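One structure below.
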Amino acid sequence: MFTQTINDIFTPRLLKKTYALISSKAIGLDEVSVAFFEEDLEENIAEIVETLLANSYAPEPLSRIYIPKAQRGEMRPLGIGAIKDKLVQKQLSLVLGNYFETIFSDKSYGYRRNKGTHQAIRRVKDYINAGYTHLYRLDIDNFFDTIPHDKLLTLLQSHIADAKVVELIALFIHNGSFEGFRYLQHEEGVHQGDPLSPLLANIYLHQVDHYLEEQNIPFVRFADDMILFARQSSELEQIFAKLHNYIRDLHLLLNPIKSRQYHIFKEGFDFLGIAFKGRETSIESQKFDAIVYELQHIVKSRYPMSEMVDALNEKLNGLTRYYLKFIETSHPQFQLMNDALLLSLANRVEQEKKRGSLTTKKAFRAQLDEIAFPMPMAKMEKRDFINRIIARGFEAYLAGKTYKKSRKKIAEKKQVYAKKYATSSVLYISEIGTFLGVAKNTLVLKEKGKVVLRMPKNQCERIIIASRSVAISGGVVKVCADMGIAIDFIDPFAKKPPYASLYGHKSVYAKMSLKQLQLLNTPQQMQFAKAFIKGKVKNQINYLKYLNKYHQRFDEPILAMN
């Protein structure tokens, strides 16, 4: 039983110590920044303690935002709280965590002290090596957002002696959020983004851990991602049937897409970004593709060469600390990463050579020698690899220089024809009584029944009708819709944009309009609106900065807009 009272948990000394652990700098709805809070830190902490002990403390509503999930197209809601509320929650998570760590299962690895992905992966490998070749991968559907409040609070009451501590936790899980100007009640779940939420999630799922351990079922859990192990398929099905009913009793549902049975030697499975097949591990394929893309993106960046090398090493060191630990050096993924780096770095050498920022092979070698390449290499191997990068980059540079004159001639000839077609690709119709039709692959313009112009339809990019007495056939409209040719109706005397335009459903304008309509009444509409406003403000600030270079009187407006 956790016996500390609210008076024990919250003292000015403890809160001041805990404040140093808060890493998030996001500003809540009260608009109090970290810098502003720190100006009167002791006074602010004293006020928090006073309201907590007087039972008058109330958290600020959260600001709800959405961030992309790993799955393409899905968005994850996050709640941004006030600094003072983050501090209170952080303190709660520390002291309660000390107690619950003593009762949590050693097979639970997510959001735990001195536990994490490394240990979880190793535990999975231990089970596989011990002969547990059948497994069931479980994922709880929308777990954080569906934890029932009443059951969670009842569970907390059975562990926490001071009712005031449970009441304080209840305030945080019942706290609503604002999405724009709309207030959202919080009827179930814990807020993703709250410092206390990971601990509450583990407390709730500890019931599942305890149930599995009572049944002597081998498992590994990382947050709501869980794997059950068995030696036989039939044994696994019985285990799953029991657990499925138990999870349903907790008012949770399994994700039907992510929850399924696997055989380690047949199809293998993915867990925490690592792919398991037999006794071999590698980086999960989609994650590997994303890693290679990010490495190439860093190399292609506009950073100076030395800064690019630093950014690349930061990423590579992160890979070494996790993903690369679980891959044998003989695995093809090591070679693929090195090959991708060879190609992108050779291209970078070519570009640097063109810009003249680095010119000699010695200068390039000095920079590239600082890179911690993924595949372990002896000193001589690394030198040879770097020489290949430089040689390839220099070859590309010299080839580009050799054929520069021929490219210039082709570009000049291209410009001649581009101008020619630019002037002949717009069909302008202004004569009264004219008729535009289509015959085979040609647009035909008639005046008083007589053909006055023929234009191949693949040469036409735009039709401008500058008279109200022009007729066009349905065939012309069909051709224009299929080929993306815009038909604009203008008043030649008004000097205004077209008063009407016809676009096909395949055109970019139609697609954009449809996408804009689809965004209405969705969480993304506010994100886009905010992005547009931020972009506009940023442009205005940049313009003021430009003017300020010469007039030196816009410092205050610039600071105010920031």
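With my numbering, the residue at position 478 of the sequence shown is 508, and numbering never jumps.
Think of the CB as a built atom: it goes at the ideal place given N, C-alpha and C, for glycine as much as any other residue.
Since we're looking at a predicted model, the values are computed, not measured.
Which runs of the alpha helix (DSSP H) spanning at least 4 residues fall entirely within the region 144-225, listed in chain order? 147-159, 179-187, 193-204
Verify whether the separation of the beta carbon atoms of Phe522 and Ala501 is less than 9 angstroms. Reading off the sequence shown, one finds Pro at residue 522, where the question assumed Phe. Against a cut-off of 9 angstroms, the Cβ pair of Ala501 and Pro522 comes out as no contact.
Taking just the CA atoms, how far does Tyr533 sit from Asp180? 56 angstroms
Environment of Asn232 [buried if 16+ CB atoms lie within 10 Å]: Asn232 is classed as buried because its beta carbon has at least 16 other beta carbons within 10 Å across all chains shown.
By Cβ distance, which residues of its chain are closer than 7 angstroms to Met361, with the 5 residues on each side in sequence left out? Here residue 361 is His; the residue named in the question, Met, does not match the sequence. Answer for His361: Ser312, listed in chain order.
Please classify His204: is it buried, with 16 or more other beta-carbons within 10 angstroms of its beta-carbon, or exposed? exposed
Could you give the first and the last residue of the continuous beta strand (DSSP E) run that contains Ala305? That run of the beta strand (DSSP E) goes 304-307.
Considering only their Cβ atoms, is the gap separating Phe202 from Asp224 smaller than 9 angstroms? yes
Among Ile110, Met338, Lys317, Gln555, nearest to Val220 - alpha-carbon criterion: Closest option to Val220, Cα to Cα, is Ile110.
CA nearest to the CA of Val19, picked from Ile39, Ser53, Phe173: Residue 19 cannot be examined here, being either before or after the span of the chain that is shown, 31 to 592.
Indicate whether Pro89 and Val62 have their beta-carbon atoms separated by less than 9 angstroms. No, Cβ-Cβ distance for Pro89 and Val62 is not below 9 angstroms.
Would you call Thr35 buried or exposed, if buried means 16 or more other Cβ atoms sit within 10 Å of its Cβ? exposed
Run through DSSP, which three-state label would Val481 get? strand
Identify, in the order they occur along the chain, each residue of the same chain with its Cβ nearer than 6 angstroms to the Cβ of Gln291, setting aside the five sequence neighbours on each side. Tyr166
Contact belief for Leu398 with Leu375 at Cβ below 8 angstroms, rounded distance in angstroms: 7 angstroms
Give me, in chain order, the residues of the same chain whose beta-carbon lies closer than 8 angstroms to that of Lys194; leave out the 5 immediate sequence neighbours on both sides. Thr35, Ile36, Asn85
Considering Cα atoms alone, identify which of Arg251, Thr163, Met31 is closest to Gly140. Arg251
When burial is assigned at 16 or more other CB atoms within 10 Å of the CB, is Ala260 buried or exposed? buried
Comparing C-alpha positions only, which one of Gly308, Arg492, Ser135 sits nearest to Tyr241? Ser135
Could you tell me which whole alpha helix (DSSP H) segments of length 4 or greater appear in the region 283-326? none
Over the uninterrupted alpha helix (DSSP H) stretch that includes Tyr129, give me the two end residues. 113-130
Here's the rule I'm using: 16 or more other beta-carbon atoms within 10 Å means buried, otherwise exposed. How should Phe211 be labelled? exposed
Within the same chain, show all residues whose beta-carbon is closer than 8 angstroms to that of Glu243, passing over the 5 residues directly before and after it, in chain order. Ser135, Lys137.
Minimum C-alpha distance to Gln262 - residue among Gly161, Asn275, Ser123: Gly161
Three-state class that DSSP yields for Ala429 in the structure shown: helix
Spell out the partners DSSP gives Asp255 in its beta bridges. Asp169, Phe252
In the DSSP assignment, find the unbroken alpha helix (DSSP H) run with Pro107 in it and report its ends. Taken as a continuous stretch (DSSP letters only), Pro107 belongs to no alpha helix (DSSP H), being part of the beta strand (DSSP E) at 105-110.
So does the region 324-339 actually touch the region 274-289, counting three or more Cβ pairs closer than 8 angstroms? no
Rounded to the nearest angstrom, how far is the Cβ of Ile75 from that of Leu45, given a contact under 8 angstroms? 5 angstroms
In terms of alpha-carbon separation, which member of Phe394, Leu186, Ser455, Lys508 lies closest to Pro492? Pro is not the amino acid found at residue 492; the sequence shown has Arg there. Of the candidates Phe394, Leu186, Ser455, Lys508, the one whose C-alpha sits nearest the C-alpha of Arg492 is Ser455.
Are the CB atoms of Glu69 and Pro42 nearer to each other than 9 angstroms? Against a cut-off of 9 angstroms, the Cβ pair of Pro42 and Glu69 comes out as no contact.
Coarse secondary structure for Thr389, derived from DSSP in three states: Coil.
Figure out for me which residue from Ala65, Leu92, Gly298 has the closest Cα to the Cα of Gln215. Leu92
Determine the contact status of Val335 and Ser289, defining contact as a CB-CB distance below 9 angstroms. At residue 335 the sequence reads Met, which differs from the Val that was named. No; because the gap between Cβ atoms is not below 9 angstroms, this pair is not in contact.
What residue does the beta strand (DSSP E) around Ala516 start on, and which one ends it? 516-519
Quick check on this structure: which residue in Leu266, Asp254, Leu122 has the alpha carbon closest to the alpha carbon of Val196? Leu122
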